[in-house]
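The structure appears right after this line, and notes come after that.
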Amino acid sequence: MNHAIPKTELSFPLAMIGKVRWLAAFLAVFGPALTAAHAAATEPYGLSAMAQFERLPFLKTDTLGGGQSSYSRSGANDDFNQFLYSDATGNVMLDLKGPGTVYRIWSTGFVPATDTVKVYFDGESTPRINMLLKDLFLGSNAPFLSPLVGDDDVSSGGFYCYLPLPFNESIKMVTSASATGLFFYNIGYDRYSPDTSVTTWTGAENSTAPRDLWNNAGVDPKSNAGNITVANTFSLAAGATQTLLDVSGPRSISSIQLKIPGISRDSEPPPATITDDGRAFTGYSQFRMALNSANTGATLVRRLDYGIADQTARVYVDGALVGIWENAGVDGGNRWRNEGFPIPSGFTAGKNSITIKIEFISSAIDWNEFTYWAYSTLGGTDPLTDTLDVGNPSSESSHNYEINGQTWSGTGSFTLPIRSSETSLATMDLLNNLWRKISFNDETNPSVHATLGSFFGKGQF
0 MNHAIPKTEL SFPLAMIGKV RWLAAFLAVF GPALTAAHAA ATEPYGLSAM AQFERLPFLK
60 TDTLGGGQSS YSRSGANDDF NQFLYSDATG NVMLDLKGPG TVYRIWSTGF VPATDTVKVY
120 FDGESTPRIN MLLKDLFLGS NAPFLSPLVG DDDVSSGGFY CYLPLPFNES IKMVTSASAT
180 GLFFYNIGYD RYSPDTSVTT WTGAENSTAP RDLWNNAGVD PKSNAGNITV ANTFSLAAGA
240 TQTLLDVSGP RSISSIQLKI PGISRDSEPP PATITDDGRA FTGYSQFRMA LNSANTGATL
300 VRRLDYGIAD QTARVYVDGA LVGIWENAGV DGGNRWRNEG FPIPSGFTAG KNSITIKIEF
360 ISSAIDWNEF TYWAYSTLGG TDPLTDTLDV GNPSSESSHN YEINGQTWSG TGSFTLPIRS
420 SETSLATMDL LNNLWRKISF NDETNPSVHA TLGSFFGKGQ F
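Per numbering that gives the first Met the number 0, the very first residue in the sequence shown carries number 0; after that it's consecutive.
This is how it looks when you write it as structure tokens:
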């Protein structure tokens, strides 16, 4: 019987659970040396592993996690269009030998109408997966089904696939995406010891169980049959304490819930509306920003209208490419964002000003800019050294601002999203000064002694 005590508690003896878990960890660590068992043989993999959250604490011995991506092989910041190699099948993103499972495929920047992906299993000459990348990530083409699979309409801007692809002998992943666009990818996998037996992916596997779990995110996946719930309502005076639970015997706590008057997002002030003028383009803008010459790098912050989705641009400093500035996603409610772009010291050291060029790459419409702030990094601090108010003639003139391919100019009146730091003073007081203690096995000093904000990860402490 699973004894779960939602609500709150202070004193909770837990006699045997610690020993049982310690023994399980001991066997997980030392078991392979004694029995020659291997992780893939003793721990579930693929869809089975995704449906068994209770196995997360167990060590996967003889398992090596790894990944492959489009990172720059030269150490530069152009982390796109990079492949392991190219052959007659296409540009190779992944090529592994031995048993394992690919758990994650992420990508963006491909051409929807033409770019494909092929996946070869166990040395076969014919790919078991051969389809357009956009169809793979659509989420409605079996077996690549939502929510394990999704496109940029349901993500922050990328395309993802978490449908496991186990392989017994090898896997090779190839794309027709060329090396001339802006194709990004990231692939995550597990590899097992050579003598581990794995059933290779066929496409006929049933993913219902993990999809049901993902569709119920935030809901406890464990059965509540036989659970014991302890609930209470009380008033607590300043400086007083209240015992919420005191029980004996081997048990586990599956849920703790508190509702305290005065702690609620409803108590937070609504976000303030900010009005700013700006411009947008599909060409480029260029301007000069002042720095402290003693800097060890800088950060350029842009105020943008995040109601325009997936804005991406190249950033140049004094004619040299620094990298790609991408603001993936969209928010039609709180549309303002203040987003930073770090500029390494190699582009700024010794300079009291730099010329910045922002060159449009892609977006749902265009690249917009309302205000730019330049912060110089100085010994652990980042003082503001310049501000460009785009749309203000005087500010633009003093910063040598120019724009090419302008698509819009005007004024926006939006709000920034509420940050946790804006929580009301009353809520902050409760989160910082209401303490929780939890003691196990009649210990004198509680194992948990934390503020409410710390215990629940609110961040207000």
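A virtual CB, placed ideally from N, CA and C, is assigned to each residue, including glycine.
All values reported here derive from a predicted model rather than from experimental measurement.
Quick one: Cα of residue i to Cα of residue j, how far?
i           : j           : result
residue 193 : residue 157 : 34 Å
residue 272 : residue 279 : 21 Å
residue 197 : residue 439 : 42 Å
residue 476 : residue 132 : Only positions 0 to 460 of the chain appear in this structure, which leaves residue 476 out of reach.
residue 25  : residue 49  : Its pLDDT being 31, under 50, residue 25 is placed unreliably by the model, and the measurement read from it follows with that caveat. For residue 25 and residue 49, the distance between alpha carbons rounds to 24 Å.
residue 127 : residue 404 : 45 Å
residue 93  : residue 328 : 27 Å
residue 79  : residue 239 : 59 Å
residue 32  : residue 149 : Its pLDDT being 34, under 50, residue 32 is placed unreliably by the model, and nothing is read from it.
residue 237 : residue 426 : 15 Å
residue 381 : residue 116 : 44 Å
residue 88  : residue 210 : 32 Å
residue 225 : residue 191 : 38 Å
residue 410 : residue 391 : 11 Å
residue 354 : residue 286 : 6 Å
residue 110 : residue 448 : 54 Å
residue 29  : residue 320 : A caution first: residue 29 carries a pLDDT of 34, below 50, which makes its placement in the model too unreliable to give a value.
residue 106 : residue 184 : 4 Å
residue 146 : residue 216 : 11 Å
residue 394 : residue 293 : 25 Å
Would you please state the rounded distance, in angstroms, between the beta carbons of residue i and residue j? I believe it to be under 8 Å.
i           : j           : result
residue 389 : residue 369 : 6 Å
residue 69  : residue 182 : 7 Å
residue 136 : residue 159 : 7 Å
residue 281 : residue 406 : 6 Å
residue 352 : residue 289 : 5 Å
CB residue i to CB residue j, shorter than 8 Å?
i           : j           : result
residue 60  : residue 189 : no
residue 376 : residue 311 : no
residue 154 : residue 95  : no
residue 42  : residue 52  : no
residue 413 : residue 333 : yes
residue 428 : residue 362 : no
residue 306 : residue 330 : yes
residue 142 : residue 180 : no
residue 118 : residue 162 : no
residue 187 : residue 108 : no
residue 430 : residue 262 : yes
Residue i lies in the beta strand (DSSP E); which residues open and close that run?
i           : result
residue 238 : Taken as a continuous stretch (DSSP letters only), residue 238 belongs to no beta strand (DSSP E), as it is neither H nor E.
residue 413 : 401-414
residue 207 : Not the beta strand (DSSP E): residue 207 falls in the alpha helix (DSSP H), residues 207-214.
residue 436 : 434-437
For the alpha helix (DSSP H) containing residue i, name the first residue and the last one.
i           : result
residue 200 : Careful: residue 200 lies outside any alpha helix (DSSP H) and carries neither H nor E.
residue 454 : 451-454
residue 137 : Neither: residue 137 is in no alpha helix (DSSP H) and is coded neither H nor E.
residue 392 : 392-397
message: Below 8 Å, how does it come out for the stretch 337-351 and the stretch 299-307: are there three or more Cβ pairs, yes or no?
response: yes
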